[in-house]
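Encoded as structure tokens, the structure appears first; notes follow it.
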Amino acid sequence: MQVRELTSPPSLGRLYARGALGMLRSRSRGGGLPEQELLLRDVAIDRERLAEYVRVCGFPLRDRVPATYPHLLAFPLGIELMIDPSFPFPPAGLVHIRNTIVQHRPVTVSDRLTLRAATRNLRSHPKGRQFDVTAEATADSAVVWRSASTYLSRGSSDGEDPAGRSAPEPEAPSDGPPHAEWRAPADTGRRYAAVSGDRNPIHLNPVTARAFGFPRQIAHGMWTKARCLAAFEGRLPAAFTLDAAFKRPVVLPADVAFRSRRTDGGWTFSLRDARRGDPHLVGAISPVA
Numbered sequence: 490m491q492v493r494e495l496t497s498p499p500s501l502g503r504l505y506a507r508g509a510l511g512m513l514r515s516r517s518r519g520g521g522l523p524e525q526e527l528l529l530r531d532v533a534i535d536r537e538r539l540a541e542y543v544r545v546c547g548f549p550l551r552d553r554v555p556a557t558y559p560h561l562l563a564f565p566l567g568i569e570l571m572i573d574p575s576f577p578f579p580p581a582g583l584v585h586i587r588n589t590i591v592q593h594r595p596v597t598v599s600d601r602l603t604l605r606a607a608t609r610n611l612r613s614h615p616k617g618r619q620f621d622v623t624a625e626a627t628a629d630s631a632v633v634w635r636s637a638s639t640y641l642s643r644g645s646s647d648g649e650d651p652a653g654r655s656a657p658e659p660e661a662p663s664d665g666p667p668h669a670e671w672r673a674p675a676d677t678g679r680r681y682a683a684v685s686g687d688r689n690p691i692h693l694n695p696v697t698a699r700a701f702g703f704p705r706q707i708a709h710g711m712w713t714k715a716r717c718l719a720a721f722e723g724r725l726p727a728a729f730t731l732d733a734a735f736k737r738p739v740v741l742p743a744d745v746a747f748r749s750r751r752t753d754g755g756w757t758f759s760l761r762d763a764r765r766g767d768p769h770l771v772g773a774i775s776p777v778a
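Taken in order, the sequence shown gives residues 490 to 778; the numbers are from this note's numbering.
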């Protein structure tokens, strides 16, 4: 695999502009994923950005970084990979359907991280084809954090990579009274976009969201995952796996219901519409040896 080292984090604004221009270029859906890895060294934790992130997502402010926060740092590398001309799918049509994070030890605000990102594991899906954007963070030459974001490209599922496969989704609780109910205000998407840099129009306001087929703006899937993780604050080990499958978008404003259930060594959890019970997210947390 070819490794390309970046000298600075990619600008998401410029990446989205390049991605919009790339929509005019034809792509071959039958092609494989490019054999390319991006590398970015000496990434610092911006304390002001972290403080706003924990406010938006419901975490307390500590010296330890929430396990979902490094995703913000690695996300631009994934977008850089997906707008490359060699990438086989139009980025604008991709749907983020799952995210799995492995925290080997908590990242602290003083850590200087080296980030790596690549696209892997192309495989079929009932509605098309899916693949993972993998990311890894190291500090002091040790891997401290990993993630895999699974994206769906709708359409024909022909051309599956025979080595590709998906792990079963978590079986999360759906019955019984909720353990918490949260109000997601209409500006949730704009506030998360401001801190994450992910200003996809579907998250910003009703007008831009309707242009993409949504009745109103929707919350970021990674906001829903982070909000659920915050509910476990103080109950998790230093090393754990956090898996979540995104089911239906949270159309803003919304009232959502959180449920969790203890399992052997971990937890399962879900986030659903507080009135109708429609699932937004199902997830699981398990310890890492």
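Heads up, the beta-carbon is just placed ideally off N, CA and C, and yes, glycines get one too.
Contact belief for residue i with residue j at Cβ below 8 Å, rounded distance in angstroms
i	j	result
Ala563	Leu604	5 Å
Pro667	Ala715	So it is not a contact: roughly 18 Å between Cβ atoms.
Pro565	Leu611	Wrong, their Cβ atoms sit about 22 Å apart, outside the cutoff.
Gly772	Thr752	Going by Cβ atoms, the distance from Gly772 to Thr752 rounds to 12 Å, so no, they are not a contact pair.
Thr608	Val622	6 Å
Gly617	Arg635	With a Cβ gap of about 25 Å, Gly617 and Arg635 do not count as contacting.
Arg587	Phe735	7 Å
Pro695	Arg705	5 Å
Val633	Ala626	6 Å
Leu539	Leu495	Rounded, the Cβ-Cβ distance is 22 Å, inconsistent with contact.
Ala682	His692	6 Å
Pro742	Ala673	6 Å
Ile707	Gly678	7 Å
Selected residue, minimal CA-CA separation from residue i, among the options
i	options	result
Gly755	Leu611, Leu504, Val591 and Phe729	Phe729
Ala473	Glu526, Leu504, Pro549 and Arg643	Lying before the first or after the last residue shown, residue 473 is absent from the chain, which here runs from 490 to 778.
Arg699	Val532, Ser663, Val740 and Pro726	Val740
Gly520	Arg761, His585, Pro704 and Pro577	Pro577
Asp531	Gly547, His692 and Ser599	Ser599
Glu670	Ile691, Leu760 and Ala540	Leu760
Ala506	Ala708, Ser630, Thr713 and Ile572	Ile572
Glu722	Met490, Cys546 and Ile534	Cys546
Asp676	Pro776, Ala656, Ser655 and Trp712	Trp712
Arg737	Arg724, Ser663 and Asp762	Asp762
Pro498	Ser663, Phe701, Ala606 and Arg724	Ala606
Pro559	Ile534, Arg544 and Arg724	Ile534
Leu725	Glu658, Thr639, Pro657 and Ile774	Ile774
Test item: CB-CB of residue i and residue j under 9 Å
i	j	result
Val596	Ala637	no
Gln619	Leu602	no
Tyr542	Leu561	yes
Gly665	Arg748	yes
Val492	Gln525	yes
Gly710	His585	yes
Asp732	Thr589	yes
Arg750	Ala661	yes
Pro523	Leu570	yes
Leu718	Thr557	yes
Arg594	Ala727	yes
Glu580	Ile568	Strictly speaking, residue 580 in this sequence is Pro, with Glu absent from that position. Result yes, Cβ atoms of Pro580 and Ile568 sit closer than 9 Å.
Span of the alpha helix (DSSP H) around residue i
i	result
Ser685	Thr677 to Ser685
His560	Pro559 to Met571
Arg699	Pro695 to Arg699
First and last residue of the uninterrupted beta strand (DSSP E) at residue i
i	result
Pro768	Pro768 to Pro776
Phe735	Phe729 to Phe735
Thr623	Gly617 to Ala628
Leu583	Leu583 to Gln592
Thr639	Ala631 to Arg643
Beta-bridge pairing of residue i - partner residues as DSSP gives them
i	result
Trp671	Val745
Ala533	Arg601
Gly755	Thr752
His709	DSSP, once it has assigned bridges, lists no residue as partnering His709.
His614	Gly617
Arg493	Leu527
Leu760	Phe747 and Leu770
Val740	Ile707
Arg553	Thr597
Arg609	Asp621
Within-9 Å CB hit, residue i to chain D
i	result
Ala637	Of the protein chains in this structure there is only one, and it is not chain D.
Any non-hydrogen atom of the ligand ADP closer than 8 Å to residue i Cβ
i	result
Thr752	Looking at this structure, you won't find the ligand ADP or any other ligand, since it has none at all.
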